[in-house]
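Accompanying notes for the structure given below.
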Amino acid sequence: MIEITKGSLLGRAAKWFDPRWRTLNMLGFILNRVTAIGLTLYLFLHLGVLSLLAQGAKAYDGFIALAHSPVFIFGEALVVAAGFIHGLNGIRIALNSFGIGARYQKALLVLVLVVALACSLVFAVRMFGA
Amino acid sequence: MNNTFYGPRSGESAWLWFAKALSGLVMIVILIIHFIANHFAAPNGLLSYADIVRYYQNPLVLAMEIGFVAFAVSHALIGLRGIILDLKPGAAFIRVINWLFTLLGASAIIYGIWLILTIAGRGAA
């Protein structure tokens, strides 16, 4: 595993972005964390926004109208992309953890990233086209 | 770096690691259903308030949504704790995080279940 034991807390966090670590595995590692943090933020925002449901039809449907604006759709497209990267990579990590396909983990990471990119583009086109 | 081992990290029990992996996989299935019902089947991509109340009259949907919020919150907080553990914080810091995340997670799940049941209740005439 990666040796992160020296320096301050922030210094250790900054190691994620150190170019000397940028092997393919490290790219997968960084992408998984960045998307994890983004999706966690989205989850709590999502739970918060849904409290509008408790206020009734007017409050919620007013928000739905706002959610059709391009800024919201762009944000949602980012969430979808993060979801594809994190979800597909998660399947790869889970399989590898149980020894399935562990020999091909690098090739599988490339596959995950290509499929995630393709799916994200399809979704983005669909979302902006709607 | 050539052979990365994926599994519980130091300070993360095997049980928590397994819970994270399992909840992740279950969420993928629920997320697909969630997307079909809430976005693909909706006329302009999002359900209205009335649509959601109607959708929540199905007890299977309620069970799925309650499971979804519980799995998502647990997975997110176990994962976030893992990221913090990788930064090798002190034992006191980890204890604070454990309490804080347990409290935050329990509150979020209780709030989620309350919201789901409240909305479902709006449909009962």
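These protein sequence lines are chains A and B, in that order. Going by the numbering used here, 130 is the number at position 130 of the first sequence; the sequence numbering is gapless. Going by the numbering used here, 70 is the number at position 70 of the second sequence; the sequence numbering is gapless. Using N, Cα and C, we set each Cβ at its ideal position, and we do this for glycine too.
- As the crow flies, the alpha-carbon of A63(B) is around 43 Å from that of G11(A).
- Not flagged as an interface residue toward chain B: Y42(A), since no C-beta distance is shorter than 7 Å.
- For G38(A), the enclosing alpha helix (DSSP H) stretches over residues L24 to V49.
- By the neighbour-count criterion, in which 16 or more other beta carbons inside 10 Å mark a residue as buried, G90(A) falls on the buried side.
- Comparing alpha-carbon positions, the option among N96(A), G38(A), L31(A) and A13(A) lying closest to L117(A) turns out to be L31(A).
- Against S120(A), chain B offers no close residue; the least beta-carbon distance is about 13 Å (beta-carbon pairs closer than 8 Å).
- Where A76(B) is concerned, the enclosing alpha helix (DSSP H) starts and stops at P59 to D86.
- Taking a cut-off of 8 Å on C-beta distances, the segment 89-106 of chain B does not touch the segment 34-54 of chain B, as fewer than three cross pairs fall below it.
- Taking 8 Å as the cut-off between beta carbons, the residues of the segment 86-120 of chain B near chain A are D86, L87, K88, P89, A108, Y111, G112, L115, T118 and I119, in sequence order.
- DSSP places H68(A) in the coil class of the three-state scheme, outside both helix and strand.
- Under a criterion of Cβ atoms nearer than 7 Å, no residue of chain B is adjacent to S69(A); the nearest Cβ is some 12 Å distant.
- Secondary structure at S97(A): helix, using DSSP grouped into helix, strand and coil.
- Annotated as proximal: I109(B) and A70(B), with beta-carbon spacing under 7 Å.
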